[in-house]
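Data first, discussion second: the structure below is written as structure tokens.
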Amino acid sequence: MHDTVTTDLDALDLTDPRTYLTVDEDVMWRRLRTERPVHWHRPVGDGPGFWVLSRHRDVMAVYKDDTSFTSERGNVLATLLKGGDSAAGKMLAVTDGHRHAAVRTLMLRSFGPRMLASVVDGVRARTDRLLAEMVERERFDFATEVAEQIPIATICDLLGVPLGDRRYLLGLNQQALSSTTGEHTELDSLTARNDILMYFSELASHRRESPSDDVISVLASGVVDGEPLSDAEIVLNCYSLILGGDETSRLSMIGAVAAFLDHPEQWDALKSGRVTLESAVEEVLRWVTPTMHFGRRAVADVVVDGELIEAGDVVTLWNTSANRDEEVFDRPGQFDLGRTPNKHLTFGYGPHFCIGAFLGRAELHAVLDTLRRRVAGIERAGEANRLHSNFLRGYARFPVSFTAEPSPNPA
Numbered sequence: 060m061h062d063t064v065t066t067d068l069d070a071l072d073l074t075d076p077r078t079y080l081t082v083d084e085d086v087m088w089r090r091l092r093t094e095r096p097v098h099w100h101r102p103v104g105d106g107p108g109f110w111v112l113s114r115h116r117d118v119m120a121v122y123k124d125d126t127s128f129t130s131e132r133g134n135v136l137a138t139l140l141k142g143g144d145s146a147a148g149k150m151l152a153v154t155d156g157h158r159h160a161a162v163r164t165l166m167l168r169s170f171g172p173r174m175l176a177s178v179v180d181g182v183r184a185r186t187d188r189l190l191a192e193m194v195e196r197e198r199f200d201f202a203t204e205v206a207e208q209i210p211i212a213t214i215c216d217l218l219g220v221p222l223g224d225r226r227y228l229l230g231l232n233q234q235a236l237s238s239t240t241g242e243h244t245e246l247d248s249l250t251a252r253n254d255i256l257m258y259f260s261e262l263a264s265h266r267r268e269s270p271s272d273d274v275i276s277v278l279a280s281g282v283v284d285g286e287p288l289s290d291a292e293i294v295l296n297c298y299s300l301i302l303g304g305d306e307t308s309r310l311s312m313i314g315a316v317a318a319f320l321d322h323p324e325q326w327d328a329l330k331s332g333r334v335t336l337e338s339a340v341e342e343v344l345r346w347v348t349p350t351m352h353f354g355r356r357a358v359a360d361v362v363v364d365g366e367l368i369e370a371g372d373v374v375t376l377w378n379t380s381a382n383r384d385e386e387v388f389d390r391p392g393q394f395d396l397g398r399t400p401n402k403h404l405t406f407g408y409g410p411h412f413c414i415g416a417f418l419g420r421a422e423l424h425a426v427l428d429t430l431r432r433r434v435a436g437i438e439r440a441g442e443a444n445r446l447h448s449n450f451l452r453g454y455a456r457f458p459v460s461f462t463a464e465p466s467p468n469p470a
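Start counting the sequence shown at 60; every next residue gets the next number (the working numbering).
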């Protein structure tokens, strides 16, 4: 049973994954937005204290401000509280300024709608095949057998990972993420992450000699300020695409099915065509908010809502609260597939706005479209397992049973 957060807000521990499994998050974030929109979180263990920003306008303002705040000393609690990120200055997510802009411009060559057209066609075909198989099954785990398969295959297409290597890479990716499911230790996850880095190091070396039409080749042949990208930059940005390209899409797909079960009237609205797929995609992204937070470190003294944030302070930006802010969203606690406008911050904002946002939307669009066409009904088929994380929000396992449409519409 969820604690309704009647205790002192100072007692909350947002670093502890158990908090998100035991409190009513809507109540917690509403209280913070109302009572402490800029909240100082006490130090936990050996880590420093940190600021918690919960209002949409404050979160958006810090995302936009890369002069007063930096990502190069960590961008999530795990790295911010340890003092930094070893990938800083090399991986796009933890690089700022001119270098960030130059490498991002280089990578964007592969992420525009025109360049991604064939990849998106592949997403639609793969999703249709996969769900056509699943509706014939008595029960299956939507999380591992559907949602886990689509994003990793898509990113492999984009990166140019050979077909023969994909099962190996999928296994490594599952192990790298497994510490949030409780199935493996943090050491197992670290070993898998290192193996992924080694794999991309070898593939990048091959692409330097034999370029192809993929992101790795773009990075391997890329030049910034007259110099080629370092091996570390190439490998870390490939790994970042694997992680970033997986998390939001995978958890949004699972979250959509969970939301349809909890809100059958919205499933009916999708099935009947009363809402567009485009607005449905945006509302699922807002409602699920798979990435709960990101963060920055202040590099100058800044006043936010009357509170002085000093240079050196850790500042956390809570998407999961911003996306339920009553100042921005009408009836934010209601799942409404027809919601427009929908100014969610699921993909961030400003210079670090998610480079794969178009692709993530396309993947979720394909899943919702295929569910609408091929699935007549959805039922739970077992206990769902929540992730154990202070960063990601969603399900590791989600067993369901689908009833097939007798005559599904063509894709």
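For each residue, glycine too, the CB sits at the ideal point set by N, CA and C.
Being a predicted model, the structure only gives us computed values, none of them experimental.
In terms of residue numbering, what span does the alpha helix (DSSP H) encompassing A161 cover?
Residue mapping note: residue 161 aligns to position 102 of the sequence shown, counting from 1. G156 to L167 is the span of the alpha helix (DSSP H), which, as asked, contains A161.
Can you give me the Cβ contacts of A206 inside the same chain, cut-off strictly under 7 Å, excluding the 5 residues immediately before and after it?
Position 147 of the sequence shown, counting from 1, holds the residue named residue 206. Contacts found: R309, M312 and I313.
How is L112 classed by DSSP in three states: helix, strand or coil?
Start at 1 with the first residue of the sequence shown, and residue 112 comes out as number 53. Strand at L112.
Can you tell me whether DSSP reads L404 as helix, strand or coil?
In the sequence shown, residue 404 corresponds to position 345, counting from 1. It is coil, neither helix nor strand.
When you compare each of D117, P469, G365 and A455 to Q234 by their alpha carbons, which one comes out closest?
As a working note, residue 234 is residue 175 in the sequence shown. The residue with the shortest Cα to Cα distance from Q234 is A455.
Cβ neighbour criterion (16 or more within 10 Å) applied to R433
Along the sequence shown, read from residue 1 onward, the residue named residue 433 stands at position 374. The residue in question, R433, is buried, as its Cβ has 16 or more Cβ neighbours within 10 Å.
Please name the residue in L396, A317, N401 and A328 whose C-alpha comes closest to that of G441.
Taking the first residue of the sequence shown as position 1, residue 441 is located at position 382. It is A317 whose Cα lies nearest to the Cα of G441.
Keeping to the same chain, check which residues put their C-beta closer than 7 Å to that of F457; ignore five residues upstream and five downstream.
By 1-based counting over the sequence shown, the position of residue 457 is 398. If we look at F457 and ignore the five residues flanking it on each side, its Cβ neighbours are D200, F201, A202, I313, V316, A317 and A443.
Since T93 is in the alpha helix (DSSP H), which residue starts that stretch and which ends it?
On the sequence shown, position 34 is the one that residue 93 refers to. Run containing T93: E84 to E94, per the alpha helix (DSSP H) assignment.
First and last residue of the uninterrupted beta strand (DSSP E) at V362
Reading the sequence shown from its first residue, position 303 is the one you call residue 362. Where V362 is concerned, the enclosing beta strand (DSSP E) stretches over V361 to V363.
Opening and closing residue of the alpha helix (DSSP H) in which A421 lies
In the sequence shown, the residue the question calls residue 421 occupies position 362. Where A421 is concerned, the enclosing alpha helix (DSSP H) stretches over A416 to R433.
Are the stretch 205-220 and the stretch 173-182 in contact at 8 Å, needing three or more beta carbon pairs?
Result yes; three or more Cβ-Cβ pairs closer than 8 Å.
How many Å lie between M150 and R92 at the Cα?
Mapped onto the sequence shown, residue 150 falls at position 91. Mapped onto the sequence shown, residue 92 falls at position 33. Each residue's alpha carbon lies about 32 Å from the other.
From which residue to which residue does the alpha helix (DSSP H) around L295 run?
Translated into the one-based positions of the sequence shown, residue 295 becomes position 236. Run containing L295: D290 to D321, per the alpha helix (DSSP H) assignment.
Can you list, in chain order, the residues of its chain whose CB lies under 7 Å from that of Q208, leaving out five sequence neighbours each side?
Start at 1 with the first residue of the sequence shown, and residue 208 comes out as number 149. Contacts found: L189.
Going straight from the alpha carbon of K402 to that of V283, what length do you get?
Mapped onto the sequence shown, residue 402 falls at position 343. Mapped onto the sequence shown, residue 283 falls at position 224. Rounded to the nearest angstrom, the two C-alpha atoms are 34 Å apart.
Three or more C-beta pairs under 8 Å: does that hold for the stretch 408-428 against the stretch 338-348?
yes
Measuring alpha carbon to alpha carbon, tell me which residue in V162, R452, F109 and D72 is nearest E366.
On the sequence shown, position 307 is the one that residue 366 refers to. Out of V162, R452, F109 and D72, F109 has the C-alpha closest to the C-alpha of E366.
Please classify M60: does DSSP put it in a helix, a strand, or coil?
Mapped onto the sequence shown, residue 60 falls at position 1. Low confidence applies here, because M60 scores a pLDDT of 46, under 50, leaving its location unreliable and the question unanswered by this model.
Candidates A161, D321 and P172: which alpha carbon is nearest G285's?
To locate residue 285, count along the sequence shown from 1; it is residue 226. It is A161 whose Cα lies nearest to the Cα of G285.
Can you list the beta strand (DSSP E) stretches of 3 or more residues lying completely in the stretch 323-410, in chain order?
Correct list: 352-357, 361-363, 366-368 and 373-377.
With a threshold of 8 Å on Cβ separation, who are the neighbours of M60 within its own chain once the five nearest residues in sequence on each side are excluded?
If you number the sequence shown from 1, residue 60 lands on position 1. A caution first: M60 carries a pLDDT of 46, below 50, which makes its placement in the model unreliable, though a value can still be read off. For M60, same chain residues with a beta-carbon under 8 Å away, outside a window of 5 residues either side, do not exist.
Quick one: any contact between the stretch 319-332 and the stretch 290-299, if contact means 3 or more CB pairs under 8 Å?
No: fewer than three Cβ pairs fall under 8 Å.
What span of residues does the alpha helix (DSSP H) with V277 cover, start to end?
The residue you call residue 277 lines up with position 218 of the sequence shown. That run of the alpha helix (DSSP H) goes V274 to A279.
Three-way DSSP call (helix, strand, coil) for G436 in this model:
Looking up residue 436 in the sequence shown gives position 377. Three-state result, G436: strand.
Cβ of R132 within 8 Å of Cβ of G143?
Residue mapping note: residue 132 aligns to position 73 of the sequence shown, counting from 1. Residue mapping note: residue 143 aligns to position 84 of the sequence shown, counting from 1. Less than 8 Å divides the Cβ of R132 from the Cβ of G143.
Looking at C-alpha atoms only, which residue of L446, L71 and A435 is the closest neighbour of M193?
Position 134 of the sequence shown holds residue 193. Looking at the Cα atoms, A435 is the closest of the given residues.
Under the assumption that M166 contacts I414 (Cβ atoms under 8 Å), give the Cβ distance between them as a whole number of angstroms.
Position 107 of the sequence shown, counted from the first residue, corresponds to residue 166. Position 355 of the sequence shown, counted from the first residue, corresponds to residue 414. With 8 Å as the limit, M166 and I414 qualify as a contact, their Cβ atoms being about 6 Å apart.
beta-carbon Y454 near the ligand MN non-hydrogen atom, thresh 7 Å
This structure lacks the ligand MN, and indeed carries no ligand of any kind.
Looking at C-alpha atoms only, which residue of I437, S269, I275 and T350 is the closest neighbour of P324?
As a position in the sequence shown, residue 324 is number 265, starting the count at 1. In the sequence under discussion, the amino acid at residue 324 is Glu, which differs from the Pro named in the question. Per the Cα distances, I437.
Determine whether the beta carbon atoms of A263 and V294 lie at a separation below 8 Å.
Taking the sequence shown and counting its residues from 1, one reaches residue 263 at position 204. Taking the sequence shown and counting its residues from 1, one reaches residue 294 at position 235. With respect to V294, A263 sits close: the two C-beta atoms are nearer than 8 Å.
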